[in-house]
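Enquirer: Following this message is one structure expressed as structure tokens.
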Amino acid sequence: MFLPQEQIDFIKQVCASENLNVSIVIKPPRKTKLGDHTWTPSTRTSVITLNEDENKQRLFFVALHELAHAYVAHHYNRNLFRRKVRPHGTEWKKAFQQILEQALENNLFHENLRDVITQHSKSPKANTHSDIALLEAFTQFDKAPHSQITQLKDLNDGDRFRLKQASSTFTRIKLRRTRYLCKDENGRSFAISPMAEVSPL
Ligand SMILES: [Zn+2]
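Under my numbering, read the sequence shown as residues 15 to 215, first letter to last.
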């Protein structure tokens with residue numbers, strides 16, 4: 015199973031309600047892209063390919079990006095042929111926005127991603143890689159390559175820590191949007207990335 019059942023059901027439900035004929039193929043990771051969409055006008059079918067990804071949150075996001083292309087292809091087939099519809103033009107943006115909103119309403123993204131995805135859906139980018147805040151937010155769901163590394167997200171609220179290559183000590187207060195509110199010894203507030211490498215004290 016390439017995605018959790020809930021996410022698969024959501025994709026199936028969008029395809030059913032919009033009459034989209036879509037097949038999804040998982041590919042070994044490609045460096046140049048996270049996924050793509052191919053439209054065959056004669057059979058009115060879409061094929062979506064997705065890079066194999068352990069990070070299911072990112073995989074689901076890329077699947078929805080491509081699903082929006084499938085939506086546009088099915089609904090604007092003739093204009094697509096006449097090249098009146100650009101790949102990441104207003105039609106695609108609107109479709110992606112609606113699909114993301116539905117997915118958020120159904121709580122299909124982790125709560126830590128809600129704000130950043132809501133933000134992204136207001137003005138979707140053609141290239142997921144160009145939204146740095148989004149990419150950074152997804153990395154918290156990557157499997158840690160070195161388990162000895164401790165990140166701020168691994169601590170509990172109230173824990174004290176030192177940042178790598180910095181002498182001040184901080185206390186983690188709580189998660190605010192996508193960053194942790196922390197205070198230093200002088201009570202000054204800082205918003206620190208959940209991915210920051212820390213030494214617990
Ligand atoms: Zn695209």
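Note that CB positions come from ideal geometry on N, CA and C, so glycine has one too. Note that the structure is a prediction, hence the values are computed from the model and not measured.
Does the Cβ of residue 83 lie closer than 7 angstroms to at least one heavy atom of ligand 1?
Expert: To locate residue 83, count along the sequence shown from 1; it is residue 69. Because some heavy atom of ligand 1 lies under 7 angstroms away, the Cβ of residue 83 counts as near it: yes.
Enquirer: Candidates 96, 138, 125 and 92: which alpha carbon is nearest residue 109's?
Expert: Counted from its first residue, the sequence shown places residue 109 at position 95. Taking only the C-alpha atoms, the option nearest residue 109 is 138.
Enquirer: Check the DSSP bridge columns for residue 49 and list the partner residues they point to.
Expert: As a working mapping, residue 49 is identified with position 35 in the sequence shown. Bridge partners of residue 49: 64.
Enquirer: DSSP on residue 204, reduced to helix/strand/coil?
Expert: In the sequence shown, residue 204 corresponds to position 190, counting from 1. Here residue 204 sits in strand by DSSP.
Enquirer: Measuring alpha carbon to alpha carbon, tell me which residue in 170, 20, 147 and 62 is nearest residue 215.
Expert: Looking up residue 215 in the sequence shown gives position 201. When each option's Cα is compared against that of residue 215, the closest is 170.
Enquirer: Cβ of residue 193 within 8 angstroms of Cβ of residue 205?
Expert: Against the sequence shown, residue 193 aligns to sequence position 179. Against the sequence shown, residue 205 aligns to sequence position 191. Closer than 8 angstroms, so yes.
Enquirer: Per the DSSP calculation, residue 171 is bridged to which residue(s)?
Expert: Along the sequence shown, read from residue 1 onward, the residue named residue 171 stands at position 157. Note: residue 171 sits in no beta bridge, so no partner.
Enquirer: Roughly how many angstroms lie between the CA atoms of residue 92 and residue 102, to the nearest whole one?
Expert: Stepping through the sequence shown from its first residue, residue 92 is reached at position 78. Stepping through the sequence shown from its first residue, residue 102 is reached at position 88. One C-alpha to the other measures close to 17 angstroms.
Enquirer: Got a sec: does ligand 1 put a non-hydrogen atom nearer than 7 angstroms to the Cβ of residue 214?
Expert: Within the sequence shown, the letter at position 200 stands for residue 214. The answer is no for residue 214.
Enquirer: Taking the straight line between their C-alpha atoms, what separation do you get for residue 47 and residue 80?
Expert: Residue numbering aside, residue 47 sits at position 33 when the sequence shown is read from its first letter. Residue numbering aside, residue 80 sits at position 66 when the sequence shown is read from its first letter. Cα-Cα distance, rounded: 12 angstroms.
Enquirer: Rank 31, 16 and 121 by C-alpha distance to the C-alpha of residue 77 and give the top, closest one.
Expert: Looking up residue 77 in the sequence shown gives position 63. Out of 31, 16 and 121, 16 has the C-alpha closest to the C-alpha of residue 77.
Enquirer: Is it true that the CB of residue 213 sits closer than 8 angstroms to the CB of residue 174?
Expert: Within the sequence shown, numbered from 1, the residue matching residue 174 stands at position 160. Within the sequence shown, numbered from 1, the residue matching residue 213 stands at position 199. No, the Cβ-Cβ distance between residue 174 and residue 213 is not below 8 angstroms.
Enquirer: Identify the continuous beta strand (DSSP E) that holds residue 184 and give its terminal residues.
Expert: Here residue 184 corresponds to residue number 170 of the sequence shown, with the count starting at 1. Where residue 184 is concerned, the enclosing beta strand (DSSP E) stretches over 183-190.
Enquirer: For the structure I just gave you, are there three or more beta carbon pairs, one from the segment 115-135 and one from the segment 33-41, closer than 8 angstroms?
Expert: Because the criterion of three Cβ pairs below 8 angstroms is not met, the segment 115-135 and the segment 33-41 do not touch.
Enquirer: Which residues does DSSP pair with residue 198 in a beta bridge?
Expert: Residue numbering aside, residue 198 sits at position 184 when the sequence shown is read from its first letter. 184.
Enquirer: Please say whether residue 211 and residue 178 have beta carbons closer to each other than 8 angstroms?
Expert: Numbered from its first residue, the sequence shown carries residue 178 at position 164. Numbered from its first residue, the sequence shown carries residue 211 at position 197. Cβ distance < 8 angstroms, so residue 178 and residue 211 count as in contact.
Enquirer: Measure from the alpha carbon of residue 67 to the alpha carbon of each residue in 53, 51, 39 and 196, then state which is nearest.
Expert: Numbered from its first residue, the sequence shown carries residue 67 at position 53. Among 53, 51, 39 and 196, the Cα nearest to that of residue 67 is on 39.
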